[in-house]
Amino acid sequence: MAYELILLEMADGIATISVNRPKALNALNPQVVEEIGAALKEIGANPEVRVAILTGTGDKAFVAGADIGSMAQMTALEAKRFSAAGQEVLLAMESAEFPIIAAVNGFALGGGTEIAMACDFIYASENAKFGQPEINLGIIPGFGGTQRLARLVGKGWARELCLTGAIISAQEAKEIGLVNKVFPHDQLLAEARKTAKLIASKGRAALRAIKHTVNRGYDVDLRNGCAMEVDAFAIAFTSPDAKEGLNAFLEKRKPEFKAGL
Ligand code: DAK
101 MAYELILLEM ADGIATISVN RPKALNALNP QVVEEIGAAL KEIGANPEVR
151 VAILTGTGDK AFVAGADIGS MAQMTALEAK RFSAAGQEVL LAMESAEFPI
201 IAAVNGFALG GGTEIAMACD FIYASENAKF GQPEINLGII PGFGGTQRLA
251 RLVGKGWARE LCLTGAIISA QEAKEIGLVN KVFPHDQLLA EARKTAKLIA
301 SKGRAALRAI KHTVNRGYDV DLRNGCAMEV DAFAIAFTSP DAKEGLNAFL
351 EKRKPEFKAG L
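Given below as structure tokens:
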């Protein structure tokens, strides 16, 4: 598919999706949401790709939220469709067979924080800013913000951020557990790529099993989560990668994981 509002690059086992509307601070309109969904499918169909990075173009914004101009003109039905499409894409990110790293290079507000939270973890540059300012527009988060934020940083912070609309720095976001690591602005993408490269060197079946078990297990009680892990372990164990990993250790060499399972 030809993309107009995102850039998709796939090289060395790593896909990079960049939301590309820098003049609108990469705000999400229905077309951006649709193109991200299409990109996820294209990446999933490429057996060479093991990991993805989501970022924004320009120096100022990752994603400054849902596009307020296009939202203001929506009928209730269009707003419902937009919300449903957004939720579907974010769920597709979580159930994708490859991990996704959010490289937050500037404003990640509203839908921006929400889409970052649907990634597997977040790296941010020092100038990144996070928040759920929907309350200032008289609305509430519509792409799962009330849910994912509470799960990631706890109900107290989720309530404070959603109720006040406060914007927090990358460092504060790190302190509350929203962000894993903060880097100088010009090093963010290189650092995200370094971690992506490390992940891309691992076995595909194990990557998928870990991602799915953490995500699905988080929503159930410990006993059921551990039962999911038992099944996922067995599936990963039967992959050629598991054989390679175990043999490589015994033969005192580095494993070479091919795209297994
Ligand atoms: N939408 C559309 N355009 C935006 C935008 C946005 N979210 N954010 C920035 N822009 C545009 C600005 O209008 C401006 O365009 P021009 O005037 O140059 O044409 C350009 O980007 C540069 O922005 P500023 O001139 O404002 O730049 P500043 O550095 O002065 O300020 C800022 C940066 C990020 C603090 C400010 O732009 C800002 O406050 N932006 C809005 C941030 C925001 O409130 N984001 C949350 C949006 S609400 C739902 C589904 C999802 C959602 C809700 C419902 N369903 C359908 C139910 C999610 C909602 C949200 O995300």
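Using our numbering, read the sequence shown as starting at 101 and increasing by one per residue.
C-beta atoms are modelled at their ideal positions from N, C-alpha and C, and glycine is treated no differently.
Remember, predicted model here, so these are calculated numbers, not experimental data.
Our two residues, S170 and N129, have alpha carbons roughly 7 angstroms apart in a direct line.
Our two residues, S118 and K343, have alpha carbons roughly 36 angstroms apart in a direct line.
When beta bridges are read from the DSSP output, G242 appears opposite no residue. Only residues of its own chain outside the window of five on either side were considered, and among them P130 have a CB closer than 6 angstroms to the CB of F182, listed in chain order. Using a cutoff of 8 angstroms, the CB of F182 counts as near the ligand DAK, since one of the ligand's heavy atoms is closer than that.
In the DSSP assignment, G186 falls within the unbroken alpha helix (DSSP H) covering A176 to S195. Looking at the DSSP output, A306 sits in no beta bridge, so it has no partner there. Distances from the alpha-carbon of R304 to those of N347, E148 and K274 put E148 closest. Under the DSSP assignment, I106 falls in the beta strand (DSSP E) whose first and last residues are I106 to A111. For A224, the pairing in a beta bridge is given by DSSP as V204 and V282. Here I114 has V149, R150, V151, A152, I153, R293, A296, K297 and A300 as same chain residues with Cβ atoms under 8 angstroms from its own Cβ, once five neighbours each way along the sequence are excluded. Around the Cβ of T155, a 10 Å sphere holds 16 or more other Cβ atoms; the residue is buried.
Here DSSP, grouped into helix, strand and coil, assigns K255 to helix.
By the Cβ neighbour-count rule, M217 is buried, with 16 or more other Cβ atoms within 10 Å of its own. The segment 280-294 makes contact with the segment 192-210: 3 or more CB pairs, one atom from each, lie closer than 8 angstroms.
Of the other Cβ atoms in all chains shown, fewer than 16 fall within 10 Å of the Cβ of K255; this residue is therefore exposed. If you draw a straight line from the Cα of A348 to the Cα of A332, it comes to about 22 angstroms. DSSP places S170 in no beta strand (DSSP E) but in the uninterrupted alpha helix (DSSP H) bounded by I168 to A172. Across the structure, A266 and F230 are spaced so that their CA atoms are roughly 9 angstroms apart. Here A164 really is in contact with L209; their C-beta atoms are around 5 angstroms apart, less than 8 angstroms.
In the three-state DSSP reduction, V149 falls in the coil class, being neither helix nor strand.
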